[in-house]
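Take 1 as the starting number for the sequence shown in the UniProt record's numbering and just add one per residue. From the three backbone atoms N, C-alpha and C, an ideal C-beta is built for every residue, glycine too. Keep in mind that this is a model prediction, so the values were computed, not measured. Encoded as C-alpha cells, the structure appears first; notes follow it.
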Amino acid sequence: KAALIHHFIPTGKPTPTVRVDPQRSVYTGDTVTLTCEVESTGWEFLWYKDSQPQSPVDKGTKTLSVTVSHAGTAEFRCAARRGAYTTQTSAPAVITVTARPKATVTIHQADPVFIGETVTLTCDIGSRHHWQYDWFKDSEPLSEAQQRKEYTISKVAASHRGAYTCKGRQSTEPSYSETSDAVTLTVSAEKPKPELTSSHKGAALIGNPVVLSCKLDQSAGWRFYWSKHTQSPENETKTETHSYTISSVSVSDGGQYWCRAGRGTPVYYTHYSDALWINVTGE
Numbered sequence: 001k002a003a004l005i006h007h008f009i010p011t012g013k014p015t016p017t018v019r020v021d022p023q024r025s026v027y028t029g030d031t032v033t034l035t036c037e038v039e040s041t042g043w044e045f046l047w048y049k050d051s052q053p054q055s056p057v058d059k060g061t062k063t064l065s066v067t068v069s070h071a072g073t074a075e076f077r078c079a080a081r082r083g084a085y086t087t088q089t090s091a092p093a094v095i096t097v098t099a100r101p102k103a104t105v106t107i108h109q110a111d112p113v114f115i116g117e118t119v120t121l122t123c124d125i126g127s128r129h130h131w132q133y134d135w136f137k138d139s140e141p142l143s144e145a146q147q148r149k150e151y152t153i154s155k156v157a158a159s160h161r162g163a164y165t166c167k168g169r170q171s172t173e174p175s176y177s178e179t180s181d182a183v184t185l186t187v188s189a190e191k192p193k194p195e196l197t198s199s200h201k202g203a204a205l206i207g208n209p210v211v212l213s214c215k216l217d218q219s220a221g222w223r224f225y226w227s228k229h230t231q232s233p234e235n236e237t238k239t240e241t242h243s244y245t246i247s248s249v250s251v252s253d254g255g256q257y258w259c260r261a262g263r264g265t266p267v268y269y270t271h272y273s274d275a276l277w278i279n280v281t282g283e
C-alpha cells in the first residue's frame, strides 16, 4: 500500500516585517538600518519610502541603510519577491527624526580685536544637556580649549587670526551636536590712537560749557579716560561715552588734556591722544 505524502502549502501570502535599528530617538545625520524580515530564503527585497520605491545597492540583501538629513517623519515598507511571486507589503515602520541641536559661536568682543587684548569665545548649544565642547580653529582641533563652553585667549596674538567653530558631545542622545557656523576672529596689529577735539575752536569764555570728544574709529565696547596736565593713570576721569563736558569753565580748567580708551577685563588701553590745549579767557 503506497504511503501518502502530504505537502503543506500556505494558503495566504506571507507578510514581511520591518525592523529598525537603532531603536531610539533618531536625529538628523544619523544612519538608520532597516531590515526586511520574512520566512525562508532566496528573496529579492523591494523597499518603499512614503510609498515611493527605493533602490538599494543590492536587492539580494534584506537591509536598507538610510542617513537622515531632514527632521520630520518617514514611513518605510518592504516586500519580498522570488521569481514571479511577491509577498504582501509590510506594515509601515515610522521613523521620527528630530533636528540635531546646532552649536553657535559668539565672540565677546567687537571686531577687530587688537594684539594684547583678552577675548572670550562662547559655544552655545541652547538645549538642556550636559555637553562637552570641542573647539576648532581653521578646522583643526584646539586642545587648549579643554572642552569648556567658554574659550578665553588671554593675550591675543596675530597667530590667533582664523575661523573658529565648535560642537558638543555627550554620553546620552543626541550624542553630538551639529557643528556651528564659522566665526572669524580678526586681529589688528596696530594699537589704536584716538583723536581729541573740543567744541571750542578758540579760547573758551569763563562760565561757558566746553565739550571734549575722544574719537575712535575702531570697533566698539570702549570706555574713555581723561587726563589733565599730565598723562596720569592715577588721576584719570572715566566716562562711559566718548565725550567729557565741563559745564561751566573756569580759569583753573585751562591747560593740556589727553584721552585714551580701554575695554575688556583686564583692561586693554589704546594709545593716548595727542595733547589738546584749552585756553580760558574772561573776555
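Return the residue from the list HIS271, ALA182 and VAL183 that minimises the CA-CA distance to TRP222.
-> Looking at the Cα atoms, HIS271 is the closest of the given residues.
When the distance is taken between beta carbons, is VAL97 closer than 8 Å to HIS70?
-> yes
If you run the structure through DSSP and keep just helix, strand and coil, what is VAL251?
-> For VAL251, the secondary structure class from DSSP, reduced to helix, strand or coil, is helix.
Note down the Cα distance separating ARG263 from ASP124, rounded to an integer number of angstroms.
-> 24 Å
Neighbourhood of PRO192 by C-beta distance below 8 Å, restricted to the same chain and skipping five residues each side | PHE114, LEU216, ASP217, GLN218, ALA261, THR270 and HIS271
On the premise that ASP274 lies in contact with LEU196, defined as a C-beta separation below 8 Å, what is that separation, rounded to the nearest angstrom?
-> The pair is a contact, with the Cβ atoms about 7 Å apart (cut-off 8 Å).
Same chain, Cβ closer than 7 Å to LEU205, neighbours up to 5 away in sequence not counted | THR281
Return no unless some Cβ of chain C is closer than 8 Å to the Cβ of LYS238.
-> Of the chains in the structure shown, none is chain C; there is only one protein chain.
Going by the CB atoms, is the gap between VAL210 and SER227 shorter than 8 Å?
-> no
Report all residues from its chain with a CB closer than 6 Å to the CB of ASP21; omit the five preceding and five following residues, and keep chain order.
-> THR33
According to DSSP, is GLU234 helix, strand or coil?
-> helix
Output yes or no for whether 8 Å exceeds the beta carbon distance between SER180 and LYS167.
-> It is a contact, given that the beta carbons lie within the stated cut-off.
How big is the Cα-Cα spacing for GLY126 and SER175?
-> One C-alpha to the other measures close to 15 Å.
Excluding sequence positions up to five away, which residues of its chain have a Cβ less than 7 Å from the Cβ of ALA110?
-> SER219, ALA220 and GLY221
For GLU75, the three-state DSSP class (helix, strand or coil) = strand
Going along the chain, which unbroken runs of the beta strand (DSSP E) with 3 or more residues stay wholly within the region 117-141?
-> 119-124 and 132-137
Proximity to SER25 [Cα-Cα], best of THR15, VAL18, ARG81 and VAL94 = VAL94
Have a look at PHE224 and GLN132 and give me their C-alpha separation to the nearest angstrom.
-> 38 Å
By Cβ distance, which residues of its chain are closer than 7 Å to THR63, with the 5 residues on each side in sequence left out?
-> THR33, LEU34 and THR35
Do THR118 and THR152 have their CB atoms nearer than 8 Å?
-> yes
Given that a residue counts as buried once 16 or more other Cβ atoms are within 10 Å of its Cβ, and exposed if not, what is ARG100?
-> buried
In whole angstroms, what is the alpha-carbon distance linking THR89 and GLN23?
-> 22 Å
Distance, Cα to Cα, LYS201 vs VAL156?
-> 39 Å
Note the first and the last residue of the continuous beta strand (DSSP E) segment covering LYS49.
-> DSSP places LYS49 inside the beta strand (DSSP E), whose first and last residues are 44-49.
Roughly how many angstroms separate the alpha carbons of PRO141 and THR106, rounded to a whole number?
-> 18 Å
What is the rounded straight-line gap between the Cα of ASP30 and the Cα of SER143?
-> In a straight line, the C-alpha of ASP30 is about 26 Å away from that of SER143.
Would you list, in sequence order, the uninterrupted beta strand (DSSP E) runs of no fewer than 3 residues that lie entirely inside the region 88-113?
-> For the region 88-113, whole beta strand (DSSP E) runs of length 3 or above, ordered along the chain, are 93-98 and 104-107.
7 Å CB neighbourhood of GLY72 in its chain, flanking five on each side removed | VAL97
Residues near GLU75 by beta carbon distance below 6 Å, same chain, minus five either side = ASP50, PRO92 and VAL94
Look at the alpha carbon of PRO233 and the alpha carbon of VAL251, and state the distance between them as a whole number of angstroms.
-> 24 Å
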